[in-house]
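Some notes on the structure that comes next.
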Amino acid sequence: MVQYRCSNCKTQLEMDLETLGLTCRKCGNKIFYKKRPASKKTVTTD
Ligand SMILES: [Zn+2]
């Protein structure tokens, strides 16, 4: 699941795949930021 946030009205959308022609349902904006889940870097030193 990939989360996008509208660059105009900040509406969050969730998409399973990257969809071409993604349009904000609220304002019709077509520019989105892709929200990446914070990847935890786990370092194990033993
Ligand atoms: Zn919007």
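Residue 21 in the working numbering sits at position 21 of the sequence shown, with consecutive numbering throughout. Where a beta carbon is used, it is the ideal one built from N, C-alpha and C, also for glycine. These figures come from a predicted structure and were not determined experimentally.
Item: What is the DSSP secondary structure of M1, counted as helix, strand or coil?; Value: coil
Item: With respect to 8 Å, is the separation between the Cβ of K10 and the closest non-hydrogen atom of ligand 1 below this value?; Value: yes
Item: Buried or exposed for C9, going by 16 or more other Cβ atoms inside 10 Å?; Value: exposed
Item: Would DSSP call L13 helix, strand or coil?; Value: strand
Item: Could you name the residues of the same chain whose beta carbon sits closer than 6 Å to that of N29, not counting the 5 residues immediately before and after it, in chain order?; Value: C6 and N8
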